[in-house]
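> The structure that follows is given in the form of structure tokens.
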Amino acid sequence: MLRNLGKRRIRMSEIENTNSLCNEQEKEEENFINDTMATLPAIALRGLTILPGIVAHFDVSREKSIKAVEASVNGNQEIFLITQRDVEVEQPKLDDLYEIGIVAQIKQVIKMPNNIVRILAEGKDRARIFGFTECEEY
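Okay, so the sequence shown: first residue is 22 according to our numbering, each after it adds one.
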């Protein structure tokens with residue numbers, strides 16, 4: 022599950038006592054976050070981070086990642102891209118990934134030799150991962 026962090030509003034109350042500005046802000050600050058929850062196919066990226074508004078291409082070779090791309094292309098073209106902490110881990114678990122990733126729109130998919138798929142994607146919104154929903158395919 023993902024929580025969209027793209028829109029965030031913070032309301033701070035006016036504080037008269039400037040000496041205790043930080044303490045008062047911590048007590049009275051209210052965060053309103055657009056809590057859009059979604060379940061999307063996900064890919065763990067090795068050594069690459071994509072930001073909102075960035076168009077990037079990258080190669081995918083893990084079987085689960087290829088199936089996640091296929092599921093995304095057959096759906097609404099959205100995919101969750103999250104960076105691995107250690108590029109050497111072949112089958113990353115939740116603890117092997119950073120908490121914040123990007124919801125991206127797949128623009129193009131090219132099948133390359135040796136079971137490699139090249140993806141062109143555009144980063145849309147930052148999102149936080151809350152967990153994996155295991156699918157049989159990916």
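Here a beta-carbon is modelled for each residue, glycine too, at the ideal position from N, C-alpha and C.
In terms of residue numbering, what span does the alpha helix (DSSP H) encompassing residue 88 cover?
Within the sequence shown, the letter at position 67 stands for residue 88. Residue 88 -> alpha helix (DSSP H) spans 84-95.
> Please identify the residue among 78, 149 and 118 whose C-alpha is closest to the C-alpha of residue 105.
As a first step, residue 105 must be located in the sequence shown, where it is residue number 84. Nearest option by C-alpha distance: 118.
> Across which residues does DSSP place residue 76 in a beta bridge pair?
Locating residue 76 in the sequence shown gives position 55, where the first residue counts as 1. Bridge partners of residue 76: 143.
> Given a cut-off of 7 Å, decide if residue 144 and residue 108 are closer than it, judged by their beta-carbon atoms.
What you label residue 108 is simply residue 87 of the sequence shown in a count that begins at 1. What you label residue 144 is simply residue 123 of the sequence shown in a count that begins at 1. Result no, Cβ atoms of residue 108 and residue 144 do not sit closer than 7 Å.
> Taking its Cβ as the centre, do 16 or more other Cβ atoms sit within 10 Å of residue 93, making it buried, or is it exposed?
Residue mapping note: residue 93 aligns to position 72 of the sequence shown, counting from 1. Residue 93 comes out buried.
> Assuming residue 147 contacts residue 62 (C-beta within less than 8 Å), just tell me the rounded distance between them.
The residue given as residue 147 occupies position 126 in the sequence shown. The residue given as residue 62 occupies position 41 in the sequence shown. Going by Cβ atoms, the distance from residue 147 to residue 62 rounds to 17 Å, so no, they are not a contact pair.
> Give every residue of the same chain whose Cβ lies closer than 6 Å to the Cβ of residue 111, excluding the five residues on either side of it in the sequence, and list them in chain order.
Against the sequence shown, residue 111 aligns to sequence position 90. The answer is none, since no qualifying residue turns up.
> Who are the near neighbours of residue 78 in its chain, counting only those whose CB is closer than 7 Å to its CB and skipping five residues on each side?
If you number the sequence shown from 1, residue 78 lands on position 57. Same-chain partners within the cutoff: 139, 140 and 141.
> Residues in its own chain within less than 8 Å of residue 133 by CB, not counting five upstream and five downstream?
Along the sequence shown, read from residue 1 onward, the residue named residue 133 stands at position 112. Excluding residues within five positions, the ones whose Cβ falls inside 8 Å are 80 and 139.
> Which residues mark the beginning and the end of the beta strand (DSSP E) in which residue 126 is found?
Along the sequence shown, one-based indexing puts residue 126 at 105. Residue 126 -> beta strand (DSSP E) spans 121-133.
> Using CA coordinates, which residue listed in 89, 150, 82 and 99 is at the minimum distance from residue 126?
Counted from its first residue, the sequence shown places residue 126 at position 105. Per the Cα distances, 99.
> Spatial neighbours of residue 86 within its chain, please: CB distance less than 6 Å, with the 5 preceding and 5 following residues excluded, ordered by chain position.
Counted from its first residue, the sequence shown places residue 86 at position 65. Around residue 86: 64.
> Could you name the residues that DSSP lists as bridge partners for residue 101?
Position 80 of the sequence shown holds residue 101. According to DSSP, which records beta bridges pairwise, residue 101 is partnered with 63 and 124.
> Using 7 Å as the threshold, is the C-beta distance between residue 130 and residue 101 below it?
As a position in the sequence shown, residue 130 is number 109, starting the count at 1. As a position in the sequence shown, residue 101 is number 80, starting the count at 1. Contact flag unset, no.
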